Amino acid sequence: MERKILKGEVIFQTVVSLVFFLPVAVNYYQKTQRSDFFIALFYVGISNLIGFLFRVLLSKSKFHRYYFYGVILFFIILYFSAVYLSDSRMDFVANFMGIGGVLFNIYYLIYGFYNVKTMQQKKTER
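For the sequence shown, this note's numbering assigns the number 10 to the initial residue and increments by one for each residue that follows.
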């Protein structure tokens, strides 16, 4: 049962990521507002947070710790870069936030598929 829930969660996260990031990627060359990307990143981040809580409750994995501490470290670095570079390099801070958010989303999806795969292998071994 837990594997089915996690499998559904991974599929849901993949669909959410595609639904929000695909239009942004398609409209990239049309020079639309830059805020569209950060709005999409916000919704993907919220769904990742909810999905992460499901993953922590349903499965045990060392990747939970890596993701959690990575996100905390990312926000600490983002905070200090925003404080110290806010006057001169705000574009660097915005790009760092966008690239970091997308990379964490990719990591989150990959380790979700990996968790489902390892749960499947453990189930077939029993």
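Where a beta carbon is used, it is the ideal one built from N, C-alpha and C, also for glycine.
Here the structure is a predicted model, which means the values were calculated and not measured.
Under a 10 Å Cβ-count criterion, L15 is classified as buried, with 16 or more other Cβ atoms of the shown protein chains found around its own Cβ.
In this chain, the alpha helix (DSSP H) harbouring N104 covers 99-134.
DSSP, reduced to helix, strand and coil, places K69 outside both helices and strands of the structure shown, so it counts as coil. Measuring C-alpha to C-alpha distances from F77 to each of I59, F29, M99, K131 identifies I59 as the nearest.
In the DSSP assignment, S26 falls within the unbroken alpha helix (DSSP H) covering 11-35. Relative to the Cα of I85, the nearest Cα in the group Q22, M106, D96, E11 belongs to M106.
Around the beta carbon of A34, fewer than 16 other beta carbons sit within 10 angstroms, so the residue counts as exposed.
The C-alpha of V25 is placed about 8 Å away from the C-alpha of S56. Taking each of P32, R64, R43 in turn and checking the Cα distance to G17, the smallest one comes out for R64. Contact between N124 and S68 holds: their C-beta atoms lie close to 6 Å from each other, under 8 Å. A distance of 8 Å or more separates the beta carbons of Q39 and Y117.
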